[in-house]
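Chemist: Dropping the structure in here first, questions after.
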């Protein structure tokens, strides 16, 4: 009886396929310091794939602003490729920045490089900036208001004394309280709404400003075939390509 049961168990176990254990992928990380502005995740990926297979790229960014901090990590599949890339790019002058590259010790590799996608998209902090701006434009408690006012008065007095030493007499006036600032913002918003306009937003949206500049292009400029585009604060001219008939 016991033999029959064991025989059935053995035949059942024969049909079961055990899942293969996943081997942990070893990553050889090159740390790059003093990277120029504009050499971000995608650009680093495209550049360093000329040496070999790149598994993961991470650019160190500020949590508050999302801007890069000037260094990055590039993870290679092969150790020799990582060493060649670090040796080749160490001291390389790129856009007036001299790169500093070295292969990291496995114990010093950051946790963000050990898992995740190929590279992460830069964070979008517009909502967070708006939230912080709205928080700044609210009335503060009495104790916090007094501390803020005394700090601003001291700074104003310092600036006034500096101007006096230069022979400039200027009256800054009284330091406004946060409650008065909130009242002023509410008053301006009510005036704009009465005129049919939008309320003022504490965060400046540059896109709307650029769009108004595009809309102000004259008809004569369009006829000449040139359109002025306002990008990143500078005017650039782009010629329209004539469509082939």
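Numbering (our numbering), first residue to last: 353 to 597.
Note that CB positions come from ideal geometry on N, CA and C, so glycine has one too.
Bear in mind the structure is a predicted one, so any value in this text is a computation, not a measurement.
Roughly how many whole angstroms lie between the Cα atoms of residue 419 and residue 452?
Modeler: So the two alpha carbons sit approximately 20 angstroms from each other.
Chemist: Exposed or buried, residue 598, counting other C-beta atoms within 10 Å across all chains shown (16 or more means buried)?
Modeler: Outside the modelled stretch of the chain, which goes from 353 to 597, sits residue 598, for which no answer is possible.
Chemist: Roughly how many whole angstroms lie between the Cα atoms of residue 501 and residue 511?
Modeler: Answer to the nearest angstrom: the Cα atoms are 15 angstroms apart.
Chemist: Around the C-beta of residue 415, are 16 or more other C-beta atoms found within 10 angstroms, so that it is buried, or is it exposed?
Modeler: It counts as exposed.
Chemist: My parser needs the alpha helix (DSSP H) runs of 4 or more residues fully inside the stretch 410-461; what are they?
Modeler: Listed in chain order, they are 431-441.
Chemist: I believe residue 534 touches residue 471 by the beta-carbon criterion, under 8 angstroms. Please report the beta-carbon distance rounded to the nearest angstrom.
Modeler: In fact, because the Cβ distance is near 42 angstroms, the residues do not count as touching under 8 angstroms.
Chemist: What is the DSSP secondary structure of residue 650, reduced to helix, strand or coil?
Modeler: Residue 650 cannot be examined here, being either before or after the span of the chain that is shown, 353 to 597.
Chemist: With 16 as the cutoff for other CB atoms within 10 Å, does residue 425 come out buried or exposed?
Modeler: With 16 or more Cβ atoms within 10 Å of its Cβ, residue 425 is classed as buried.
Chemist: State the CB to CB distance for the pair residue 404 and residue 433, rounded to an integer number of angstroms; the pair is presumed to be in contact (CB under 8 angstroms).
Modeler: About 3 angstroms separates the two Cβ atoms, so the contact holds.
Chemist: Does the beta-carbon of residue 547 have 16 or more other beta-carbons within 10 angstroms, so that it is buried, or is it exposed?
Modeler: So residue 547 counts as exposed.
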